[in-house]
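The sequence shown begins at 2 in the numbering used here and counts up by one. Just so it is clear, CB atoms sit at the ideal spot from N, CA and C, and this is done for glycine as well. Notes follow the structure.
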Amino acid sequence: MLILKRQKLTLSILMLIGIAYFSAMSDLEINYFLKCVIAIIPIQVGAIFYMTHLRRNRP
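If you want it as structure tokens, here you go:
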């Protein structure tokens with residue numbers, strides 16, 4: 002049950018961060034191409050973190 006609560010808390014925090022990031026990106030008055038590139042940065046950072054975490058836990 003504790004894992005379920007921790008998972009819900011983590012997902013809630015990530016959802017709030019995503020909403021805040023989307024809101025901030027929507028308010029930016031910059032070139033459309035740059036806005037698309039900046040919007041992809043969190044996905045790339047998450048992928049790098051995930052891959053390094055997998056590699057670190059591998060025996």
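Got a sec? Which residues, its chain only, sit under 7 Å from residue i by beta carbon, not counting five neighbours each side?
i	result
S13	none
P43	Y22
Take residue i and list the residues in its own chain whose beta-carbon comes closer than 8 Å to its own, dropping the five residues that flank it on each side.
i	result
A48	none
Note to self: Check whether the stretch 17-28 and the stretch 36-45 touch, using three or more Cβ-Cβ pairs below 8 Å as the test.
What the structure shows: yes
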